[in-house]
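Visitor: Quick note, the working numbering runs 52 ahead of the 1-based positions in the sequence shown.
Even for Gly, the Cβ is constructed at its ideal location relative to N, Cα and C.
Mind having a look at this structure? Questions to follow.
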Amino acid sequence: MIKNKLPFGLYIHVPFCRSKCSYCDFYSATYNEDLAKLYVDAVISEFKSVLLEFDDIEFDTIYIGGGTPSVLSNKTLNKLIESILALGRFSDDLEFTLEVNPESAVNLKAYADAGVNRLSVGVQSLNNDILKSIGRIHTSTLALQVLEQASTYYKNVSADIMLGLPNQKLSDISTSISLIAPIVTHISAYILKLSDDSPLGLKVRDGITTIMSDDEMADQYECARDELMKFGFSCYEISNFAKSVNMQSRHNMKYWLRHEYIGLGPAAHSYINNKRFFNPPDLVKYLEFQTPRFPRTFYDAIPLTKQEEIFEAIMLGLRLTTGIDVGKLNTDFNIDFLTDYADVIKKVSAVTSYNNGHFAMLPGKMLLESAVAVEFLH
Ligand code: SF4
Numbered sequence: 053m054i055k056n057k058l059p060f061g062l063y064i065h066v067p068f069c070r071s072k073c074s075y076c077d078f079y080s081a082t083y084n085e086d087l088a089k090l091y092v093d094a095v096i097s098e099f100k101s102v103l104l105e106f107d108d109i110e111f112d113t114i115y116i117g118g119g120t121p122s123v124l125s126n127k128t129l130n131k132l133i134e135s136i137l138a139l140g141r142f143s144d145d146l147e148f149t150l151e152v153n154p155e156s157a158v159n160l161k162a163y164a165d166a167g168v169n170r171l172s173v174g175v176q177s178l179n180n181d182i183l184k185s186i187g188r189i190h191t192s193t194l195a196l197q198v199l200e201q202a203s204t205y206y207k208n209v210s211a212d213i214m215l216g217l218p219n220q221k222l223s224d225i226s227t228s229i230s231l232i233a234p235i236v237t238h239i240s241a242y243i244l245k246l247s248d249d250s251p252l253g254l255k256v257r258d259g260i261t262t263i264m265s266d267d268e269m270a271d272q273y274e275c276a277r278d279e280l281m282k283f284g285f286s287c288y289e290i291s292n293f294a295k296s297v298n299m300q301s302r303h304n305m306k307y308w309l310r311h312e313y314i315g316l317g318p319a320a321h322s323y324i325n326n327k328r329f330f331n332p333p334d335l336v337k338y339l340e341f342q343t344p345r346f347p348r349t350f351y352d353a354i355p356l357t358k359q360e361e362i363f364e365a366i367m368l369g370l371r372l373t374t375g376i377d378v379g380k381l382n383t384d385f386n387i388d389f390l391t392d393y394a395d396v397i398k399k400v401s402a403v404t405s406y407n408n409g410h411f412a413m414l415p416g417k418m419l420l421e422s423a424v425a426v427e428f429l430h
């Protein structure tokens with residue numbers, strides 16, 4: 053039984069890619085159709101198992117991400133989508149996002165026919181040299197063609213772009229945005245964050261490649277934000293910009309607002325009843341777990357303490373331009389935020405604001421969010 057009746061989000065992780073990008077440490081394996089069929093059966097089985105346990109859940113968002121969901125054959129992806137939609141209870145205003153990469157986005161109409169109503173395209177850059185250097189296998193021309201075609205089938209099309217890539221100039225960013233922004237309704241602009249596990253991270257660690265300083269990264273972010281504003285986009289989360297409020301990602305908002313969601317597939321995360329769950333980032337293990345049905349011990353459940361929950365709510369809330377809803381925070385955790393954290397609030401007052409019951413980062417200071425959030429740990 054679920055503690056509240058807010059609709060859930062449903063995330064499905066597709067763990068396949070055609071090739072590995074040099075900056076990426078997401079869990080993915082090389083695509084293989086036989087393995088993909090087994091994977092889809094396992095996801096369906098996991099979903100049935102979840103629904104047996106939480107039979108009163110309604111979902112109002114689905115997000116199929118990865119990996120690269122568009123590497124799945126049309127038949128395999130259709131089976132996944134049809135089965136999920138047939139098994140679960142979904143609200144009438146379901147937001148259904150599918151991530152695609154340009155080189156495999158060949159079934160755009162079929163996805164829409166299957167029920168997808170929001171497409172997220174991994175563009176990253178429109179500079180072919182940069183694309184090649186980070187291991188992307190599409191060209192700028194193909195990316196633009198896919199965006200144009202997508203906009204004929206979907207009212208809400210999002211493009212991912214990256215900032216702070218090696219050799220990326222400010223002019224690359226403004227050119228990419230000026231070409232993408234007129235076509236799409238939403239742009240996620242991610243600053244490069246490298247882990248040592250990624251091929252590029254290893255090169256940086258070993259001194260073979262260098263990446264930009266934090267100041268240079270911040271310049272790239274400012275450049276992207278200013279360019280996006282010229283095209284009528286508003287920032288609603290540090291890395292996310294939408295042409296209007298109803299084009300914001302409702303699914304991703306659940307993460308920042310700490311609403312509940314269920315993740316299916318290897319490496320997928322869930323958040324239910326104040327517990328975070330993680331599926332192992334291992335396709336073989338994931339496939340083994342489905343017999344006879346996914347046991348809850350399959351997950352590594354981590355209950356959060358009250359302090360951890362408060363910190364999480366502050367940290368995630370500060371990512372949003374609307375900031376933290378202080379009244380809700382006080383009610384949720386039985387605290388008095390402005391009094392209990394008065395010293396910290398004073399300390400970070402040069403980069404934050406408190407207006408109309410919301411505590412937020414100042415618009416030009418969003419990138420300091422992590423540093424500000426950490427102050428609330430002490
Ligand atoms: S960035 Fe995307 S396409 Fe590239 S390896 Fe990672 S998940 Fe796959």
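So, G369 versus H65, is the Cβ gap smaller than 8 Å?
Guide: no
Visitor: State yes or no: is the C-beta of G174 nearer than 7 Å to some heavy atom of the ligand SF4?
Guide: Correct: G174 has its Cβ closer than 7 Å to the ligand SF4.
Visitor: Going by CA-CA distance only, name the one from Y75, G117 and K72 that's closest to A319.
Guide: G117
Visitor: Quick one, which of C76, L62, I114 and K127 has its alpha-carbon nearest R85's?
Guide: The sequence given here has Glu at residue 85, not Arg. The shortest C-alpha separation from E85 is found at K127.
Visitor: DSSP on V297, reduced to helix/strand/coil?
Guide: helix
Visitor: With DSSP collapsed to three states, give me the class of I190.
Guide: Here residue 190 turns out to be His, not Ile, going by the sequence shown. In the structure shown, H190 falls within a coil segment according to DSSP collapsed to helix, strand and coil.
Visitor: For the stretch 70–119, list the beta strand (DSSP E) runs that are entirely contained and at least 3 residues long, ordered along the chain.
Guide: 111–118
Visitor: Rounded to a whole number of angstroms, what is the C-alpha to C-alpha distance between A402 and S301?
Guide: 30 Å
Visitor: List the residues that DSSP assigns as beta-bridge partners of M214.
Guide: Y242
Visitor: With distances taken from CA atoms, which of A157, L222 and S210 is nearest T191?
Guide: A157
Visitor: With DSSP as the reference, label S405 as helix, strand or coil.
Guide: strand
Visitor: Below 8 Å between beta carbons: does that hold for L244 and L215?
Guide: Yes, these two residues count as a Cβ contact at 8 Å.
Visitor: With a threshold of 8 Å, are at least 3 pairs of Cβ atoms found where one atom belongs to the stretch 71–89 and the other to the stretch 137–147?
Guide: The count of Cβ pairs closer than 8 Å, one atom from the stretch 71–89 and one from the stretch 137–147, stays below three, leaving the stretches out of contact.
Visitor: With contact counted as at least three CB pairs below 8 Å, one residue from each stretch, are the stretch 272–290 and the stretch 201–215 in contact?
Guide: yes
Visitor: In whole angstroms, what separates the C-alpha of K57 from that of D108?
Guide: 9 Å
Visitor: May I ask you to report which of helix, strand or coil DSSP gives N386?
Guide: Assigned with DSSP and collapsed to three states, N386 falls in coil, not helix or strand.
Visitor: Quick one: residues in its chain with C-beta nearer than 6 Å to the C-beta of F411, no 5 flanking neighbours on either side, listed in chain order?
Guide: G375, I376 and V378
Visitor: What did DSSP end up calling V378 once you bin it into helix, strand or coil?
Guide: helix
Visitor: Would you say the beta carbon of T120 is closer than 7 Å to some non-hydrogen atom of the ligand SF4?
Guide: yes
Visitor: With respect to the alpha helix (DSSP H) encompassing I366, which residues constitute its N-terminal and C-terminal limits?
Guide: K358 to R371
Visitor: Is any non-hydrogen atom of the ligand SF4 found closer than 7 Å to the C-beta of K72, if you look at the structure I gave you?
Guide: yes
Visitor: If you draw a straight line from the C-alpha of D112 to the C-alpha of D145, how long is it?
Guide: 7 Å
Visitor: If we count the other Cβ atoms within 10 Å of its Cβ and call it buried at 16 or more, is Q176 buried or exposed?
Guide: buried
Visitor: Kindly give me the distance between the Cβ atoms of A195 and I229, rounded to whole angstroms, as I take these residues to be in contact under 8 Å.
Guide: Actually they are not in contact, since the Cβ atoms of A195 and I229 sit about 13 Å apart, beyond 8 Å.
Visitor: So the candidates are I133, M281 and P154; which of them puts its Cα closest to the Cα of A166?
Guide: In terms of CA proximity to A166, I133 leads the group I133, M281 and P154.
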